[in-house]
Amino acid sequence: MRYPDPDGIKAALDRIDPAFRGSPIRQSATLDRMFGAELWFKDETANPIRSFKARGACNFMAALGDDDRPLVCGSAGNFGQGLAWAARLHGRRLTVFAAANAVRTKIQAMRDLGADVRLHGADFDAAKAAALCFAAEKGHRAVVDGDEVLIAEGAGTIALEAMEAVPGIDRVLAPLGNGALASGIGTWVRHAAPAARMLAVAAAGAPVMAHAIRGLPVTGGEGADTIADGIAVRVPIPYAVNSLRRVLDGTILVPDAAILRAMELLRSHLDLVVEPAGAAGLAALLSDPAAWGGRRILIPLCGGNIDAA
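Residue numbers for the sequence shown follow the working numbering, beginning at 219 and rising by one.
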């Protein structure tokens, strides 16, 4: 079994559509003063689908080779958009299963990119289970975000770009959903700045991935009750858990109130609309602002797709 590695991340950079490379790095003097730290935000909302997901999807799609089976995935919306973008580039058919209550703008965006979107179940994990059943029945290629090394390596290019542009990063705070983002970023951090602390941030209402990484019991009855739909995971992916244990220094759980406050701060001080999952890294600072003083912190803003309400 292969886990993400620095060579794979460097190779991924050449496979990613240029529209998703070189995302801007933003700063706010006000936020720096608030936390007594240097905060460097990698803005993954500044691309055609307003999310980082196409990085991994493009890397994955480019490596499929002669496997021409139609593709199917489960998605809360952003991964489906990324895979739909890459599928369109490569002339591939894609079916996406999303929860019945998924964000409407994400559903429409996936359809606009050519995906056959089917709504099933009450949450992301129910939709993913339906996608896997569909793939088995139809003989399609299932794509599980968090369970594909090439997707994680594509996500890792975020850290490659950011740490080349901003030397001396000593803390990294990445949202924790299915694990591809934190795994890929953590792999590059371990390579480029071994002394830096790599931390993954999960929603307190969806703690299962953090619990699994920590080795705490996971009963299967844990919920995913959070505004942060992009990281609302209730079924951990073993491959992602093992991959994350290799690169993380810790996990942090943040309540929805902190996520909402982080979204407000990003709107006020960076003029950015960031979805709840994308704001999780900044939310982690709010529980104890003084603890981050003097640090140089990298925070990916991983998505900005949100309904107007």
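Ideal Cβ positions, reconstructed from N, Cα and C, are used throughout, including at glycine.
Residue i to residue j span [Cα, whole Å]
{"i": "Arg244", "j": "Gly274", "result": "22 Å"}
{"i": "Phe297", "j": "Ile376", "result": "16 Å"}
{"i": "Glu482", "j": "Val491", "result": "9 Å"}
{"i": "Ala398", "j": "Leu516", "result": "17 Å"}
{"i": "Ala458", "j": "Asp341", "result": "20 Å"}
{"i": "Ala281", "j": "Ala230", "result": "10 Å"}
{"i": "Ala272", "j": "Glu371", "result": "12 Å"}
{"i": "Ala327", "j": "Gln299", "result": "7 Å"}
{"i": "Asp467", "j": "Ala414", "result": "9 Å"}
{"i": "Pro222", "j": "Ile369", "result": "9 Å"}
{"i": "Thr323", "j": "Ala495", "result": "15 Å"}
{"i": "Val384", "j": "Ala348", "result": "42 Å"}
{"i": "Leu337", "j": "Asn319", "result": "8 Å"}
{"i": "Val465", "j": "Asp225", "result": "16 Å"}
{"i": "Glu382", "j": "Leu301", "result": "27 Å"}
{"i": "Ala526", "j": "Ala392", "result": "25 Å"}
Close beta carbons around residue i, own chain, < 7 Å, minus the five adjacent residues each side
{"i": "Leu394", "result": "Ala400, Ala418, Val419, Ala420, Met427, Ala428, Ile449, Thr469"}
{"i": "Arg220", "result": "Val367"}
{"i": "Thr405", "result": "Pro222, Asp223, Pro224, Ile227, Gly374, Val465"}
Beta-carbon spacing of residue i, residue j below 9 Å
{"i": "Ala446", "j": "Ala498", "result": "yes"}
{"i": "Thr444", "j": "Ala424", "result": "yes"}
{"i": "Trp303", "j": "Ile325", "result": "no"}
{"i": "Gly339", "j": "Ala317", "result": "yes"}
{"i": "Leu500", "j": "Phe238", "result": "no"}
{"i": "His487", "j": "Thr263", "result": "no"}
{"i": "Ala422", "j": "Pro473", "result": "yes"}
{"i": "Arg329", "j": "Met279", "result": "no"}
For residue j and residue i, believed in contact at Cβ under 8 Å, the rounded distance
{"i": "Ser293", "j": "Val321", "result": "Actually they are not in contact, since the Cβ atoms of Ser293 and Val321 sit about 11 Å apart, beyond 8 Å."}
{"i": "Arg479", "j": "Gly386", "result": "That belief does not hold up - the Cβ atoms of Arg479 and Gly386 are roughly 28 Å apart, past 8 Å."}
{"i": "Gly332", "j": "Arg306", "result": "5 Å"}
{"i": "Val407", "j": "Val390", "result": "5 Å"}
{"i": "Gly357", "j": "Arg287", "result": "7 Å"}
{"i": "Ile191", "j": "Leu462", "result": "Examination of residue 191 is not possible in this model, given that the chain is present from 219 through 527 alone."}
{"i": "Ala373", "j": "Phe270", "result": "6 Å"}
{"i": "Asp285", "j": "Leu312", "result": "Not a contact, Cβ separation roughly 14 Å."}
{"i": "Ser505", "j": "Ala475", "result": "No, Ser505 and Ala475 are not in contact; Cβ-Cβ is about 10 Å, not under 8 Å."}
Cutoff 6 Å; reference residue i; Cβ partners in own chain excluding five residues on either side
{"i": "Phe253", "result": "Leu503, Pro507, Trp510"}
{"i": "Phe171", "result": "Nothing in the structure corresponds to residue 171, since the chain is present only between 219 and 527."}
{"i": "Ile524", "result": "Glu493"}
{"i": "Gly364", "result": "Asn396, Gly397, Ala398, Ile455, Ala458"}
{"i": "Lys346", "result": "Gly292"}
Neighbourhood of residue i by C-beta, 8 Å cutoff - its chain only, sequence neighbours within 5 removed
{"i": "Lys228", "result": "Leu378"}
{"i": "Asp250", "result": "Glu256, Leu257"}
{"i": "Asp235", "result": "Ala272, Cys276, Trp303, Ala304, Leu307"}
{"i": "Gly240", "result": "Glu379"}
{"i": "Asp388", "result": "Ala411, Ala413, Ala414, Arg415, Arg513, Arg514, Ile515"}
Closer than 8 Å: residue i CB and nearest the ligand GDP heavy atom
{"i": "Gly372", "result": "This structure lacks the ligand GDP; in fact it carries no ligand of any kind."}
C-beta neighbour in chain C for residue i, strict 9 Å
{"i": "Gly468", "result": "Looking for chain C here will not work: only one protein chain is present."}
Counting pairs of beta carbons, one from the region 506-522 and one from the region 240-259, are three or more of them closer than 8 Å?
-> yes
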